[in-house]
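Participant: Sharing a structure with you now.
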Amino acid sequence: MGRTTRTEKGCEPMRHFTIHHDGVAIAVSRGGRGRPLVLCPGLDTTRAELGELVGLLRRDHDVVAFDLRGHGLSPAAGRYTFEAFLGDLSAVMARTRRPGTAPLLVGYSLGADLAVHYASEHPDGVAGLVLIDGANPVPEPFVTEDLLPLFRAMWEDAAARRAADLGTDRQVLLTGREILDLNIEVDAVRARILDRYRRIVPPVTVIASASLSGGGAGAHGERLDRNWRAGIDRLVRELPRVAVTRLDADHRMPFTHAAEIARIIRGAHGGPATTA
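Reminder that position 241 of the sequence shown reads as 241 in UniProt numbering, one-by-one numbering, no gaps.
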């Protein structure tokens, strides 16, 4: 059974329901008005945490937001792989699409990589893509042997804090090791992602952070930031049809710069240019 929540005047109420797929009940919310939009969150991120951005977009979009398996209100699953998460997105896209109308697909971080893969396999399935700080064809992997202990400790600490401090609507059920393994897998995915971009027919907009790390991790952070910026430079150089906007922000920009991101999304691919 689905449920609804109240929303601001002029917008359709948010409906909350589940999509059963691959043995998992994917938690979904939908509401708003205007052109359809699907928002795919990233690894270690829930739709509740993207609530400010969703609220802004609902003013002129029919927004579908959901939790990937093991995130938020979507329960634990037997496997956490890139293909499994791509299956979650594909199930949501298939079961929420308006007849005859393809949605704008917006992805954040891992969600951007998933969006690129989905669009490359379903050329008529999306009206356009907006990729927020993800799907970056970085020249070098991030999880290198020398940084493995740093990343392992970071994700184990993040998983412990999640379990101790956050409510059920913001919970991430993956262990630190599972998150680390996903990051290693994403490195391999991004090594080949330019080929996926080349197969995409609809227009693509990329919103990239100026500093992935936000100035943290010292010299390691500087190295990661250089790699991130080099990937965006490579994307611009090899695929000039991709529109790139760089924000003076770090990877948490959907939480710190939601209004600016909403304005970019509104103006993307012929959308309304109203202010947030």
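All C-beta atoms, glycine included, are put in the ideal place defined by N, C-alpha and C.
Could you tell me which residues DSSP puts in a beta bridge with Val64?
Facilitator: Val64 is bridged to Arg30, Val38.
Participant: Assess, as a yes-or-no matter, whether the region 16-36 is touched by the region 227-240 under the definition of 3 or more beta carbon pairs within less than 8 Å.
Facilitator: Flag = no, the region 227-240 and the region 16-36 do not touch.
Participant: I believe Val24 touches Pro103 by the beta-carbon criterion, under 8 Å. Please report the beta-carbon distance rounded to the nearest angstrom.
Facilitator: Actually they are not in contact, since the Cβ atoms of Val24 and Pro103 sit about 22 Å apart, beyond 8 Å.
Participant: Using a Cβ-Cβ cut-off of 6 Å (strictly less than) and excluding sequence neighbours within five positions of Pro123, which residues of its own chain qualify?
Facilitator: Counting only Cβ-Cβ distances below 6 Å, and skipping sequence neighbours, we find Val201.
Participant: Assuming Val38 contacts Val64 under a Cβ cut-off of 8 Å, what Cβ separation, rounded to an integer in Å, is found between them?
Facilitator: That pair is a contact at about 5 Å.
Participant: For Asp157 and Gly176, I'd like the C-alpha separation in whole angstroms.
Facilitator: So the two alpha carbons sit approximately 7 Å from each other.
Participant: Tell me where the beta strand (DSSP E) around His117 begins and ends.
Facilitator: No beta strand (DSSP E) contains His117, which is instead part of the alpha helix (DSSP H) from 110-121.
Participant: Just to confirm the assignment: which complete beta strand (DSSP E) runs, minimum length 3, are found wholly within the region 171-211?
Facilitator: Whole beta strand (DSSP E) segments, 3+ residues: 204-209.
Participant: Between Glu178 and the ligand ZN, is the CB less than 8 Å from at least one heavy atom?
Facilitator: As far as ligands go, the structure on display features none, and thus does not contain the ligand ZN.
Participant: Looking at C-alpha atoms only, which residue of Asp60, Leu56, Val138, Arg69 is the closest neighbour of Ala208?
Facilitator: Of Asp60, Leu56, Val138, Arg69, the residue nearest in Cα terms is Val138.
Participant: Give me the Cα-Cα distance between Thr133 and Thr18, rounded to the nearest whole angstrom.
Facilitator: Sequence check: residue 133 is Asp here, not Thr. Going by the C-alpha atoms only, they are around 27 Å apart.
Participant: Please say whether Leu174 and Leu43 have beta carbons closer to each other than 9 Å?
Facilitator: In this structure, Leu174 lies closer than 9 Å to Leu43 by Cβ.
Participant: In terms of alpha-carbon separation, which member of Asp62, Cys40, Gly221 lies closest to Arg15?
Facilitator: Nearest of Asp62, Cys40, Gly221 to Arg15, Cα basis: Asp62.
Participant: Cα separation between Ala268 and Pro203?
Facilitator: In a straight line, the C-alpha of Ala268 is about 9 Å away from that of Pro203.
Participant: Going by the DSSP bridge assignment, what does Leu104 pair with across the sheet?
Facilitator: According to DSSP, which records beta bridges pairwise, Leu104 is partnered with Leu37, Gly128.
Participant: In the structure shown, what three-state DSSP assignment does Thr96 receive?
Facilitator: Residue state, collapsed to three classes: helix.
Participant: What residue does the alpha helix (DSSP H) around Val244 start on, and which one ends it?
Facilitator: Careful: Val244 lies outside any alpha helix (DSSP H), inside the beta strand (DSSP E) at 243-247.
Participant: With DSSP as the reference, please indicate the residues paired to His21 in a beta bridge.
Facilitator: DSSP, once it has assigned bridges, lists Val24 as partnering His21.
Participant: From Leu89, Leu239, Val186, Phe85, pick the residue whose C-alpha is nearest to that of Leu194; which is it?
Facilitator: The shortest Cα separation from Leu194 among Leu89, Leu239, Val186, Phe85 belongs to Leu239.
Participant: For my contact list, Asn227 and Glu140 are in at a C-beta cut-off of 8 Å; report their separation, rounded to the angstrom.
Facilitator: Contact holds; Cβ gap of about 5 Å.
Participant: Quick one: grab the DSSP three-state call for Ile264.
Facilitator: Residue state, collapsed to three classes: helix.
Participant: Measuring CA to CA, which of Val106, Leu56, Phe85 is closest to Gly125?
Facilitator: Of the listed residues, the one whose Cα sits closest to Gly125 is Val106.
Participant: I'd like to know whether the C-beta atoms of Val28 and Thr96 end up nearer to each other than 9 Å.
Facilitator: Their beta carbons are under 9 Å apart, which means Val28 touches Thr96 by this criterion.
Participant: Apart from the five residues on each side of it in sequence, which residues of its chain come closer than 7 Å, Cβ to Cβ, to Met154?
Facilitator: So no residue of the chain qualifies.
Participant: According to DSSP, is residue 280 part of a helix, a strand, or is it coil?
Facilitator: Outside the shown range of the chain (1 to 276) lies residue 280, about which nothing can therefore be said.
Participant: Just to confirm my understanding: we take Thr245, look at its own chain, exclude 5 residues before and 5 after, and list those with CB closer than 8 Å. What are they?
Facilitator: Once the five neighbours on either side are set aside, the close Cβ partners of Thr245 are Thr205, Val206, Ile207, Ala208, Ile264.
Participant: How is the alpha helix (DSSP H) around Leu57 delimited, first residue to last?
Facilitator: Per DSSP, Leu57 belongs to the alpha helix (DSSP H) from 51-57.
Participant: Kindly indicate the opening and closing residues of the alpha helix (DSSP H) around Thr256.
Facilitator: Its alpha helix (DSSP H) spans residues 253-256.
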